[in-house]
Amino acid sequence: MAPVLPSVVPANAADRSTVRAVARTHGNRGFVFFNNYARNYPLPDHRGIQIKLVLPSETVVLPRKPIGLVSGTYGIWPVNLDLNGILLKYATAQPLTMVRDANVEYYFFLAPPGIQPEFAFDERTLTSLKAGKAVISRASGVRYVGGIVPGPGIALSARSKTGQTVHVIVLTRSEAQDLWKCTVAGGEHVFLSPADVFFDDAGLHLRARDVRQLRFSVFLALKNAPVANAPLQRTGRDGMFVSYSAAVPPKPVPVHWEKIRAAAPSAPGKMGKYNTMVPDDSDFERAGVWRIVLPAHALDGLSDLFLRIRYIGDVARLDASQRLLADDFYKGTLWEIGLKRFAPEALGKNLELKVMPLRKDAKIYLPRDAWPNFPPSGE
Numbered sequence: 001m002a003p004v005l006p007s008v009v010p011a012n013a014a015d016r017s018t019v020r021a022v023a024r025t026h027g028n029r030g031f032v033f034f035n036n037y038a039r040n041y042p043l044p045d046h047r048g049i050q051i052k053l054v055l056p057s058e059t060v061v062l063p064r065k066p067i068g069l070v071s072g073t074y075g076i077w078p079v080n081l082d083l084n085g086i087l088l089k090y091a092t093a094q095p096l097t098m099v100r101d102a103n104v105e106y107y108f109f110l111a112p113p114g115i116q117p118e119f120a121f122d123e124r125t126l127t128s129l130k131a132g133k134a135v136i137s138r139a140s141g142v143r144y145v146g147g148i149v150p151g152p153g154i155a156l157s158a159r160s161k162t163g164q165t166v167h168v169i170v171l172t173r174s175e176a177q178d179l180w181k182c183t184v185a186g187g188e189h190v191f192l193s194p195a196d197v198f199f200d201d202a203g204l205h206l207r208a209r210d211v212r213q214l215r216f217s218v219f220l221a222l223k224n225a226p227v228a229n230a231p232l233q234r235t236g237r238d239g240m241f242v243s244y245s246a247a248v249p250p251k252p253v254p255v256h257w258e259k260i261r262a263a264a265p266s267a268p269g270k271m272g273k274y275n276t277m278v279p280d281d282s283d284f285e286r287a288g289v290w291r292i293v294l295p296a297h298a299l300d301g302l303s304d305l306f307l308r309i310r311y312i313g314d315v316a317r318l319d320a321s322q323r324l325l326a327d328d329f330y331k332g333t334l335w336e337i338g339l340k341r342f343a344p345e346a347l348g349k350n351l352e353l354k355v356m357p358l359r360k361d362a363k364i365y366l367p368r369d370a371w372p373n374f375p376p377s378g379e
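Numbering of the sequence shown is given in the working numbering, commencing with residue 1 and proceeding in unit increments.
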């Protein structure tokens, strides 16, 4: 699909007043992309937004009435999308995936936060349209569905002139982030799970830091009850999905840590090769040092173990027996280290955490909210 730029585009990267939108089209079909998000630079809310997409044989205006775009909102809207013989003129919801059960197709969409989902269908391709508690209206040969409440149930159902049935499910962003699709048990299925999900020939694998997240919901329903290596219980239904939860006890892992040395006053930063400010090994002789000890068998029964360190400094490194395991350049976020790959030398041994002080005059880029409130000494 070829890109189609709007008549007015942002003057430059710092232009926060112009709406960021573009389309990609092929013939009379395409997608509208919009983005009201920029990292570290909040974009303003926009009001009265409506897009006119000029196609070879028609002009599509979407949505039906102007809407607002709140700061942080982004998404993709389809235009003239074929849904199993039914023409979706547009939707203010983002297409995600679909599954088929015999001659029935189920389409999953995402409702961007702050935008009311609206679906517009060419009524010439319909024989029926149902939308539960949503509102159906019609104008100029188009049937509109609005007032949809996102969730894992069927938002609307339609039947084509050729007798094909389509169901549309509109998910919230958080639900969509938990969405997975795979072929298991001989067919395509959609899963919802807050855990990390993996698939292989043996089936479905869940991994989570919190045992309460070891749960999933599945659609289409599995023909046979799933078998797991942990007690698995069917917990009911979530809209169209059948839900299951695994009973896995949490495993507490004690951590012993102590401060060994306070940081010495830092020296002014020096520019190194390639115009960088990377400290060398000798610089860490001035770093603050902490000793960390984890049990030797901490990984028993786990797939991985993560050491999470929150600190304020310039550069941090984790050593074991004078060997560097991992390092981190401070950016104001949590530093997380997977220990499985270091297990023989990291577990049951003395680990050393070294943190270089961060100077107020450091010539580095940090997000504004990552800079600490410096004492008068400047570090």
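Beta carbons: idealized from backbone N, C-alpha and C, even for Gly.
Straight-line Cα distance separating residue j from residue i
i, j, result
"Asp45", "Ile67", "11 Å"
"Leu5", "Tyr90", "19 Å"
"Gln322", "Glu345", "11 Å"
"Tyr265", "Arg215", "Sequence check: residue 265 is Pro here, not Tyr. When rounded, the distance between both Cα atoms is 50 Å."
"Val142", "Thr59", "14 Å"
"Ala21", "Arg138", "27 Å"
"Lys331", "Asp82", "45 Å"
"Gly146", "Ile136", "7 Å"
"Ala208", "His26", "42 Å"
"Phe219", "Ile148", "21 Å"
"Tyr365", "Asp283", "20 Å"
"His205", "Arg368", "39 Å"
"Lys52", "Asn103", "34 Å"
"Pro113", "Phe199", "30 Å"
"Tyr144", "Trp371", "49 Å"
"Leu94", "Val197", "In the sequence under discussion, the amino acid at residue 94 is Gln, which differs from the Leu named in the question. When rounded, the distance between both Cα atoms is 22 Å."
"Lys133", "Ile154", "11 Å"
"Pro63", "Gln50", "6 Å"
Integer-rounded CB distance, given that residue j should sit under 8 Å from residue i
i, j, result
"Leu351", "Val278", "22 Å between Cβ atoms; not a contact."
"Val170", "Pro150", "5 Å"
"Thr418", "Val9", "Lying outside 1 to 379, the shown extent of the chain, residue 418 is not represented and no answer is given."
"Lys130", "Ser174", "Wrong, their Cβ atoms sit about 27 Å apart, outside the cutoff."
"Ala263", "Gly288", "4 Å"
"Leu299", "Ile337", "In fact, because the Cβ distance is near 14 Å, the residues do not count as touching under 8 Å."
"Lys251", "Gly301", "6 Å"
For residue i, the nearest candidate out of the options (CA to CA)
i, options, result
"Lys363", "Pro268, Asp369 and His297", "Pro268"
"Ala185", "Thr172, Gly288, Asp201 and Val22", "Asp201"
"Pro254", "Ala134, Gly132, Leu305 and Arg20", "Leu305"
"Asp101", "Arg237, Asp280, Thr183 and Val197", "Thr183"
"Gly75", "Thr92, Arg64, Ser160 and Val61", "Thr92"
"Asn84", "Phe374, Gly163 and Asp283", "Gly163"
"Arg159", "Ala2, Thr97 and Leu88", "Leu88"
"Leu96", "Lys223, Thr172, Asn224 and Lys349", "Thr172"
"Ala221", "Pro376, Lys259 and Val99", "Val99"
"Ser140", "Ser217, Val211, Gly72 and Val61", "Val61"
"Trp257", "Lys161, Ala2, Lys349 and Pro63", "Lys349"
"Arg359", "Asp238, Phe374 and Ser7", "Phe374"
"Ser71", "Trp77, Leu43, Val54 and Arg64", "Leu43"
"His297", "Leu55, Pro63, Phe342 and Ser7", "Phe342"
"Leu110", "Ala23, Val211, Trp77 and Arg261", "Trp77"
"Pro152", "Ser217, Leu55 and Ile309", "Ser217"
Worksheet entry | Runs of beta strand (DSSP E) lying entirely within the segment 17–60, each at least 3 residues, in chain order | 21–26, 29–35 and 46–54
Discussion item. Between the segment 118–136 and the segment 177–184, can you find at least three pairs of beta-carbon atoms closer than 8 Å?
Written reply: no
Fill in: Completely contained beta strand (DSSP E) runs for the segment 286–335, where each covers 3 or more residues
288–293, 306–309, 315–320 and 323–329
Worksheet item: At a cut of 8 Å, does the segment 227–234 reach the segment 242–256 through at least three beta carbon pairs?
Response: yes
Worksheet item: Do the segment 8–23 and the segment 35–43 meet, that is, are 3 or more Cβ pairs less than 8 Å apart?
Response: As far as the Cβ criterion goes, the segment 8–23 touches the segment 35–43, which means the pair count is three or higher.
Worksheet entry | Inter-stretch contact at 8 Å, needing at least 3 Cβ pairs: the segment 219–231 / the segment 323–343 | Because the criterion of three Cβ pairs below 8 Å is not met, the segment 219–231 and the segment 323–343 do not touch.
Worksheet item: Are at least three pairs of beta-carbons, each pair with one atom in the segment 182–191 and one in the segment 119–139, less than 8 Å apart?
Response: no
Worksheet item: Three or more beta-carbon pairs under 8 Å between the segment 353–362 and the segment 305–316, yes or no?
Response: yes
Fill in: Start-end ranges of the beta strand (DSSP E) lying completely within the segment 159–229, minimum 3 residues
165–171, 179–184, 187–192, 196–200, 203–207 and 215–219
Worksheet entry | Length at least 3, wholly inside the segment 90–121: the beta strand (DSSP E) runs in chain order | 94–101 and 104–110
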